[in-house]
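Student: If you want this note's numbering, it's the 1-based position in the sequence shown plus 106. Where is the CB? At the ideal position from N, CA and C, for every residue including glycine.
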Amino acid sequence: MAFPLPSHLPRKVDVSSEILSKLDSATWQTLNSSVASSWCKELDECISQTKKRIHDRIRSDITAFDVQLSSAKSAQERLSTLSHGINSLNQSVFDPESGVTSLTLETLKRHHALAQASLNADVLHASLQHLAKCKAQLDVAQTTADTGNLPEAVLACSELNRLLAASPGPLAEARVIADMKRVSQVIENRVSELLENACSASLVVVEQHITVHPSVLVPGSATPLSLSSVLSSLSPSALSARLASLRRDLTSYYIDRVLCGSTSVTSTTEDDPSGFAVHKIQCFTSNGCISRDTSLDTLSRLLDFLDEKVFPHLPQPQREIFPRTFAKPVTSSIMTNVLTPSLPSTLEGLPIFLQLTRKAVDFESKYVVNLLGGDSMERKIKTWADNVCSHYERARRVHILGTVRKVILEHATRIDSTFMAEVRIPAEGGLHDQTAVMDQQDVTECSPSSEDAWNLDDNQSFSMSNSGSAVDEQSWGFDDEIETQEQPAAVAEPSPGAKADPDPGDAWGWNDDEPPEEPVDDEAGTDSSQGGLWDDDPWGDNNDSPTRSSAIPAIAPVVKSQKLTPEQQVASGSTNGPSKASQDPSRDSKERYLVSTLTTEVVRIIEKCLEEGKALATSHIFPQSSTSPPGNLIMHSSSLVLDLYCGLYPVVVTPRPSDATVHVQFSNDCYFLSEELGRVLSKMKAPSDVEEKLQEGRADLRVLADSWFYDAIDKQVAALCSTLASANGFTGTSDQDRYDECETAVTTVLQNIKRLARAWKKVLPKGKYYIAMGNVVDGVLLRILDDILAIPDIPEVESHKLGELCRILFALEELFVENAESLVVSFVPSWLKFSYLSELLGASMADLTYLFDEGALVDFEIEELVKLVRALFADTPLRTKTLNKIMSGHPIR
């Protein structure tokens, strides 16, 4: 094996490479004939030397050369012989005429043709044989259909369809098979139609009767078919549709109709003209009402008829499944049409109802579970009967609430149905432990012709009747769409020239012997003298003519007045004020207020709920239950009555928010109901949970009464403040036109407050009347105080004008006069502050300092006094000294 030479060893350069290198290095300048001749000569020498070396090599080993030469010649001869043999073999195999391959292929072709012919004969034989079977079965189907043997025709058609579907592949696509399928479908449709007609003739369910023919003749047949064979021969889809229609007709025509209690049934068996027996059950509508016991008996006869005459003819598995489908409809119909409508409304009807319930439970056990095959573990009627006490009480609760709703809606159309109730106020003067008293001899029913304290049906304006004559005054004016009535004569406006400057000393009450000079007081006195405010006093007070106390009481060390809570105001209503006449402490006082007669209906219904619940619990008609004792739900209905009243009555009775008495009237009703609930609970002992619910309802009524009471006050204050907004902050009153505008606004507020007082006095008890009017007046005074104190600069002329405007409202003091004594300070916390403001507007610096030192201005905040001094007085050393004294705080007494 030769090894490659390393690259670093020199290689022998052959002659040809040398010659080529020389050719490559030659240029056209150096290349000539001599050079080319030398190159040719050199090549010839190289060839000669190569030949010589070859001959020398052969001669050196001639024996081996001869052996190799003879071997080469022998191989050449054998190759020639092999090539000739291969050519001869190829011709003998692949010759087109005599070759083995050609002969084999021809033999195979003849064998394939013979096999195909044999297969075609087998297929034709099988197809003709299957076609013969189909033709024979088609003839059988046609014959049975023509002879009226419908059950056999159905079987023949089914077998024919099976054969046609199992046809061999080549035959399945043949035209003859398609024709057979078409003829088979025609026969099958004809047989189905005949079966439907036979089924309709065998089983007839109409509204008047149910007729069952056990045997029936079909056209073209002399042999009758049984109802069982007819139903069994129907296709599954046709049988399901037929049974669904049968179930619907039986449920609507008979089950529901029978249980509604106006139908009776009779069953008969007779022969038809063909001599076959016919079973019939007829339904008759009764003119009178059939008892529900009888309805269950009638339904029992109907189910017995179906079990004997209809259900046995059904094929399996419908013989067990179809009757079970009536279990739920029968159960639901019994509960809807028998048990629920039969729930009695009184305890006296319970024994009869319980008998009916037991009969319904027995019916369910015998018919629904046993006959119809209903689920024995799901017995709805028995479950319902086990809880019949709860169902009875729920039905009573629905009836009670429906009655309450009807009563509320009826009273909403009779808003004049009211009476005067009394509330006792303890003589100690504390907040009353009030007990509403309804003395039938003292109740005053208000008819439409009598005085309407609510005046809810007046769609035009608010006016109260007094001593048979209406007060023709301007309506509230809160609703622009309401037609206003004719206003009284306008208050005379004094001309600026005719007015004398008010004497500052008059403001302090130093000239109380002199009659007041304000023209508004004259107008107020005139209005009061017309009987519009105090005539027909609902409280029954025979007060003498109220006397005006001085606007400012005698100056004395006082403490700052505070806004009292309603309880404090009621408590102080008979004791607050040094000039209040003393009363006998050993006697309780009574206050009267207007209440709707609907409240008595509500109380009566609540009492009946408690009485009925107790009667049911003590009757022992129902067994005791740990979850809900008998009578508990009915007694709990009393709290639901309160909820319904509180939710529905305000909606149907308060359609007009401008009516001033609606809110306070409803507040009175809620208070009266809460007091009556206390009386009922103290008289009738109720279970703890029921009493707790009623106590919660009583507390809710108190809250509702207070919220509607103060909401009415807030609405009136907002309306009056809206009227005061037209005064534009009481600025610029030095101008006569601006003063007239402010005077009109204040006078309008005064008149509206008096109208409101006349309306509320006929509705509210005295204590709450004073509280309500005190809050209304206080809200108006605070608005005026804020507006005046917000004025940064008040000239002298404007200060006197503002004082006159403030003194117009002094006429409101007569609203708080009782037994000729004024209670205004007790119920209007800002009255003293407002009164002092009216006087400070015309006072001197010395007067203001004196009042401050005496502690008379404690109702004013320090910042308010500072602003007022800076607005009234010019910047002088005296004002600075006064301001320093004021800013050091009120004097301590």
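May I ask you to verify whether the stretch 930-937 touches the stretch 880-896, counting CB pairs closer than 8 Å and requiring at least 3?
Tutor: Segments in contact, yes.
Student: Where Leu921 and Leu856 are concerned, what is the direct C-alpha to C-alpha distance, given to the nearest angstrom?
Tutor: Along the sequence shown, one-based indexing puts residue 921 at 815. Along the sequence shown, one-based indexing puts residue 856 at 750. Distance between the alpha carbons of Leu921 and Leu856: 11 Å.
Student: Rounded to whole angstroms, what's the CA-CA distance from Thr446 to Leu748? Just pull it up for me.
Tutor: Sequence index remark: in the sequence shown, residue 446 carries index 340 (1-based). Sequence index remark: in the sequence shown, residue 748 carries index 642 (1-based). Spanning the two alpha carbons is a distance of roughly 26 Å.
Student: Does DSSP put Gln388 in a helix, a strand or coil?
Tutor: Translated into positions along the sequence shown, residue 388 becomes position 282. Strand, per DSSP.
Student: Buried or exposed, going by whether 16 or more other CB atoms sit within 10 Å of the CB of Ser363?
Tutor: Here residue 363 refers to the residue found at position 257 when the sequence shown is read from its first residue. The question names Ser, yet the displayed sequence has Arg at residue 363. By the neighbour-count rule (16 or more Cβ atoms within 10 Å), Arg363 is buried.
Student: Thinking just about the alpha-carbon of each residue, which of Gln822, Glu484, Phe815 and Leu783 is nearest to the one in Gly803?
Tutor: Numbered from 1 along the sequence shown, position 697 holds the residue referred to as residue 803. Ranking the options by Cα distance to Gly803, first place goes to Leu783.
Student: Which two residues bound the contiguous beta strand (DSSP E) that contains Met526?
Tutor: Within the sequence shown, residue 526 is the residue found at index 420, counting from 1. Where Met526 is concerned, the enclosing beta strand (DSSP E) stretches over Thr524 to Ile531.
Student: Under 7 Å from any heavy atom of the ligand NAP, does the C-beta of Pro736 make it?
Tutor: This structure lacks the ligand NAP, and indeed carries no ligand of any kind.
Student: Skipping 5 residues on each side, what residues in its chain have a beta carbon closer than 6 Å to that of Glu499?
Tutor: By 1-based counting over the sequence shown, the position of residue 499 is 393. The answer, listed in chain order, is Leu739 and Ile740.
Student: Measure the CB-CB distance between Ile387 and Ile487 and report whether it falls below 8 Å.
Tutor: Sequence index remark: in the sequence shown, residue 387 carries index 281 (1-based). Sequence index remark: in the sequence shown, residue 487 carries index 381 (1-based). No; because the gap between Cβ atoms is not below 8 Å, this pair is not in contact.
Student: With a cut-off of 8 Å on the beta carbons, I'd call Leu800 and Leu787 a contact; round off their distance for me.
Tutor: Counting from one through the sequence shown, the residue named residue 800 turns up at place 694. Counting from one through the sequence shown, the residue named residue 787 turns up at place 681. That belief holds up - the Cβ atoms of Leu800 and Leu787 are roughly 6 Å apart, short of 8 Å.
Student: Under 6 Å Cβ to Cβ from Val930, same chain only, skipping five residues before and after it: list those, please.
Tutor: The residue labelled residue 930 in the question sits at position 824 within the sequence shown. Hits under 6 Å: Glu919, Phe922 and Trp937.
Student: In its own chain, which residues sit with a C-beta less than 7 Å from the C-beta of Ala501, not counting the 5 before and 5 after it?
Tutor: Within the sequence shown, residue 501 is the residue found at index 395, counting from 1. Closer than 7 Å at the Cβ level, and outside the excluded window around Ala501, lie Leu449.
Student: Measuring CB to CB, does Arg976 end up less than 8 Å from Ser944?
Tutor: Working through the sequence shown from its first residue, we reach residue 976 at position 870. Working through the sequence shown from its first residue, we reach residue 944 at position 838. Their beta carbons are not under 8 Å apart, which means Arg976 does not touch Ser944 by this criterion.
Student: What alpha helix (DSSP H) runs, 4 residues minimum, are completely inside the stretch 825-892?
Tutor: Those alpha helix (DSSP H) runs which fall completely within the stretch 825-892 and span 4+ residues are 842-867.
Student: Buried or exposed for Gln1007, going by 16 or more other Cβ atoms inside 10 Å?
Tutor: Outside the displayed span of the chain (107 to 999) sits residue 1007, for which this structure offers no information.
Student: Quick check on the burial criterion: 16 or more other C-beta atoms within 10 angstroms. Buried or exposed for His726?
Tutor: Taking the sequence shown and counting its residues from 1, the one referred to as residue 726 is at position 620. Label assigned to His726: exposed.
Student: Span of the alpha helix (DSSP H) holding Leu929?
Tutor: By 1-based counting over the sequence shown, the position of residue 929 is 823. That residue, Leu929, is in no alpha helix (DSSP H); it is neither H nor E in DSSP.
Student: Alpha carbon to alpha carbon, how far is Phe101 from Thr837?
Tutor: Since the displayed the chain opens at 107 and closes at 999, residue 101 lies outside it and no answer follows.
Student: Quick check on DSSP: helix, strand or coil for Lys791?
Tutor: For the purposes of this step, residue 791 is taken as residue 685 along the sequence shown, with counting starting at 1. Lys791 falls in the coil class under three-state DSSP.
Student: When burial is assigned at 16 or more other CB atoms within 10 Å of the CB, is Ala677 buried or exposed?
Tutor: As a working mapping, residue 677 is identified with position 571 in the sequence shown. Model confidence at Ala677 stands at a pLDDT of 40, short of 50, so the residue's coordinates are unreliable; what they give is reported in the following sentence. Buried is the call here.
Student: How about Ser734 and Ser496: are their beta carbons less than 8 Å apart?
Tutor: Here the question's residue 734 lines up with position 628 in the sequence shown. Here the question's residue 496 lines up with position 390 in the sequence shown. Cβ distance < 8 Å, so Ser734 and Ser496 count as in contact.
Student: Here's the rule I'm using: 16 or more other beta-carbon atoms within 10 Å means buried, otherwise exposed. How should Gly948 be labelled?
Tutor: The residue given as residue 948 occupies position 842 in the sequence shown. Its Cβ being crowded by 16 or more others within 10 Å, Gly948 is buried.
Student: When burial is assigned at 16 or more other CB atoms within 10 Å of the CB, is Met993 buried or exposed?
Tutor: As a working mapping, residue 993 is identified with position 887 in the sequence shown. When all chains shown are included, Met993 counts as exposed.
Student: Using DSSP bridges, identify the partner residues of Ser695.
Tutor: Position 589 of the sequence shown holds residue 695. Paired residue(s): Ile531.
Student: Cα separation between Val329 and Thr369?
Tutor: Locating residue 329 in the sequence shown gives position 223, counting from the first residue. Locating residue 369 in the sequence shown gives position 263, counting from the first residue. According to the sequence as given, residue 329 is Thr; it is not Val. The straight-line gap from Cα to Cα measures roughly 39 Å.
Student: Any idea what DSSP makes of Val310, helix, strand or coil?
Tutor: On the sequence shown, position 204 is the one that residue 310 refers to. Note: Val310 maps to strand in three-state DSSP.
Student: Kindly list the residues whose CB is nearer than 7 Å to the CB of Lys239, restricted to its own chain and excluding five residues on each side of it in sequence; keep chain order.
Tutor: As a first step, residue 239 must be located in the sequence shown, where it is residue number 133. Here the set comprises Leu269.
Student: Starting from His742, trace the alpha helix (DSSP H) both ways and give me its first and last residue.
Tutor: Taking the sequence shown and counting its residues from 1, the one referred to as residue 742 is at position 636. Where His742 is concerned, the enclosing alpha helix (DSSP H) stretches over Asn738 to Val759.
Student: Would you tell me roughly how many angstroms separate the C-alpha atoms of Asp413 and Asn493, rounded to the nearest one?
Tutor: In the sequence shown, residue 413 corresponds to position 307, counting from 1. In the sequence shown, residue 493 corresponds to position 387, counting from 1. Roughly 31 Å separates the two Cα atoms.
Student: Examine the Cβ distances between the stretch 354-362 and the stretch 425-443 and report whether three or more of them are shorter than 8 Å.
Tutor: Taking 8 Å as the limit for Cβ pairs, the verdict is that the stretch 425-443 does touch the stretch 354-362.
Student: Just how far apart, CA to CA, sit Glu124 and Ile164?
Tutor: Within the sequence shown, the letter at position 18 stands for residue 124. Within the sequence shown, the letter at position 58 stands for residue 164. Their Cα atoms are separated by approximately 28 Å.
Student: Relative to the C-alpha of Ile458, which candidate in Ser397, Ser186, Ala223 and Ala272 has its C-alpha closest?
Tutor: Working through the sequence shown from its first residue, we reach residue 458 at position 352. Ranking Ser397, Ser186, Ala223 and Ala272 by Cα distance to Ile458 puts Ser397 first.
Student: List the DSSP bridge partners of Ser370.
Tutor: Sequence index remark: in the sequence shown, residue 370 carries index 264 (1-based). Phe390, per the DSSP bridge assignment.
Student: Which one or two residues does DSSP pair with Leu331 in a beta bridge?
Tutor: Working through the sequence shown from its first residue, we reach residue 331 at position 225. DSSP lists Val322 as partners of Leu331.
Student: Does Cys848 pass the burial test, meaning 16 or more other C-beta atoms within 10 Å, or should it be called exposed?
Tutor: In the sequence shown, counting from the first residue as 1, residue 848 sits at position 742. Classification for Cys848: buried.
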